[in-house]
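Novice: Handing you a structure now.
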Amino acid sequence: MTIDEAVARIEDIPTIPTVLGEILRITSSETSSVKDLAQVIYSDQSLATKILKMANSSFYQLVQQVKSIDRAIVVLGFEEVRAIAMAMSVFDSVYLRRGGVYYNRLRSWNHSLLCGLGTRILGSWVVKSRGLIAELFVGGLIHDIGKVLMDRYFPEQFARVLELVEETSISMEAAERKIFGFDHALLAGRLLKKWKFPNQLIDMVLYHHHPELARDNQCWISLLSISDLMCHQLGYSTYACEPKLGLRKLLRSEMMKGLAQMSGLPYKSHSLIDSLRKLKEHLTEVDRLSGILLSQ
Numbered sequence: 043m044t045i046d047e048a049v050a051r052i053e054d055i056p057t058i059p060t061v062l063g064e065i066l067r068i069t070s071s072e073t074s075s076v077k078d079l080a081q082v083i084y085s086d087q088s089l090a091t092k093i094l095k096m097a098n099s100s101f102y103q104l105v106q107q108v109k110s111i112d113r114a115i116v117v118l119g120f121e122e123v124r125a126i127a128m129a130m131s132v133f134d135s136v137y138l139r140r141g142g143v144y145y146n147r148l149r150s151w152n153h154s155l156l157c158g159l160g161t162r163i164l165g166s167w168v169v170k171s172r173g174l175i176a177e178l179f180v181g182g183l184i185h186d187i188g189k190v191l192m193d194r195y196f197p198e199q200f201a202r203v204l205e206l207v208e209e210t211s212i213s214m215e216a217a218e219r220k221i222f223g224f225d226h227a228l229l230a231g232r233l234l235k236k237w238k239f240p241n242q243l244i245d246m247v248l249y250h251h252h253p254e255l256a257r258d259n260q261c262w263i264s265l266l267s268i269s270d271l272m273c274h275q276l277g278y279s280t281y282a283c284e285p286k287l288g289l290r291k292l293l294r295s296e297m298m299k300g301l302a303q304m305s306g307l308p309y310k311s312h313s314l315i316d317s318l319r320k321l322k323e324h325l326t327e328v329d330r331l332s333g334i335l336l337s338q
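Structural data, given as structure tokens:
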């Protein structure tokens, strides 16, 4: 199966959600205001509720509770609320409402939330712009939607992928290429291109397993790759069968050293260990917040 054949077979592949399209349009305009963004978000009450839940989580450590979208935009920033809204819209459009035989929605949410958080934590070492750090958060949150698409539209083939991973301990993407002829990153990239997402986010999703192949945005992609690997080692993978290297081996590996160089992280400092420590501190909140968001 080629990627074009797969996309053609997904007859009901989602079109971009109306609210998400409006958010992308408004936030790309230099004349847009806080009121404009808040008005669009309020048109989807479920989305507005999820944004407020996220804003009031320990991720942001706000002194006072945020009770309105307008206030969330003022306190967190235009870019941060845009990032949360984009990620939540993608989840609602693509992710299955109920876990199937192979897909565990809660486990997938946990991995995605932690990976988004980890990418942002790592990014704070090398990126100074709040807007760019917010984009890193989105990339981490949505990087694995290709797995959900495979599970949703090609369950029999995806079951064989999981069996192959369990039997041989090869990576998920390697097993996908054997069964499908392409991996989840390429499939997700096609969807995000269809939705006209920013190129940086498309590249993050498309190359998160192989940032060295990307022509642009290698720093962003490498930060996501490091976060993804850390989440797996902490036991927060999308699927339980995915192999782990071990934290100590991972941090000392040539692979991690190469990723750190591409990302601009100071590999010989405490950047990786400190980021990992911060990530561990949020494990309980990730579990709690995933349950809340999935119940909406």
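Residue numbers (my numbering): 43 to 338.
Note that beta-carbon positions come from the ideal geometry of N, C-alpha and C, so glycine has one too.
Only a predicted model underlies this, so the values are computations on that prediction, with no experimental measurement involved.
#1: Measure the Cβ-Cβ separation of A127 and I65 and say whether it is below 7 Å.
#2: Looking only at its own chain, which residues have a Cβ that is under 6 Å from the Cβ of S267, when we skip the five neighbours before and after it?
#3: Is it buried or exposed, V105, if we count other Cβ atoms within 10 angstroms and call 16 or more buried?
#4: Could you tell me which of E198, Y84, V123, D86 sits nearest to Y102, measuring between CA atoms?
#5: Which runs of the alpha helix (DSSP H) at least 4 residues long sit entirely within the region 64-136? Give them in chain order.
#6: Report the three-state DSSP secondary structure of T326 (helix, strand or coil).
#7: Buried or exposed, going by whether 16 or more other CB atoms sit within 10 Å of the CB of G333?
#8: How should E47 be labelled, buried or exposed, when 16 other C-beta atoms within 10 angstroms of its C-beta is the threshold for buried?
#9: Are three or more beta carbon pairs between the region 198-207 and the region 216-230 nearer than 8 Å?
#10: Helix, strand or coil for T161, going by three-state DSSP, please let me know.
#11: Could you check whether V82 and A125 sit closer than 7 Å to each other, using their CB atoms as the reference points?
#12: Helix, strand or coil for F179 per DSSP?
#13: Which residue's Cα is closest to the Cα of L314: H324, T326, M298, E323?
#14: Take the Cβ of T326 as the centre, count every other Cβ of all protein chains shown within 10 Å, and call the residue buried at 16 or more, exposed below.
#15: Does the separation of the CB atoms of A227 and L248 fall below 7 Å?
#16: Apply the 10 Å Cβ neighbour rule to N241 and answer buried if 16 or more other Cβ atoms are within range, or exposed otherwise.
#17: Might you give, ordered along the chain, the residues of its own chain that have their beta carbon closer than 7 Å to the beta carbon of D78, omitting 5 neighbours on each side?
#18: Residues in its own chain within less than 6 Å of M96 by CB, not counting five upstream and five downstream?
#19: In terms of alpha-carbon separation, which member of C273, L255, G223, H185 lies closest to L234?
Specialist: Short version:
#1: Cβ distance < 7 Å, so A127 and I65 count as in contact.
#2: Within the same chain, H250, P253, L301 come within 6 Å of S267 by CB-CB distance, once the 5 residues on both sides are set aside.
#3: Answer is exposed; the Cβ neighbour count stays below 16.
#4: Residue nearest to Y102 within the set E198, Y84, V123, D86 is V123 (criterion: CA-CA distance).
#5: Runs of the alpha helix (DSSP H) inside the region 64-136: 76-84, 87-97, 111-118, 120-136.
#6: Per DSSP, reduced to three states, the secondary structure at T326 is helical.
#7: With fewer than 16 other Cβ atoms within 10 Å, it is exposed.
#8: Label assigned to E47: exposed.
#9: Flag = yes, the region 198-207 and the region 216-230 touch.
#10: Helix, per DSSP.
#11: Taking 7 Å as the cut-off, the beta carbon of A125 is found no closer than this to the beta carbon of V82.
#12: In the structure shown, F179 sits in a helix (DSSP, three-state: H, G or I).
#13: Nearest Cα to L314 within the set H324, T326, M298, E323: M298.
#14: Result: exposed.
#15: Going by C-beta atoms, A227 is nearer than 7 Å to L248.
#16: Around the beta carbon of N241, fewer than 16 other beta carbons sit within 10 angstroms, so the residue counts as exposed.
#17: Here the set comprises I68.
#18: Exclusion of the five residues before and after M96 leaves I126 as the residues of its chain whose Cβ lies within less than 6 Å of its Cβ.
#19: Each of C273, L255, G223, H185 was checked against the Cα of L234, and the nearest Cα belongs to H185.
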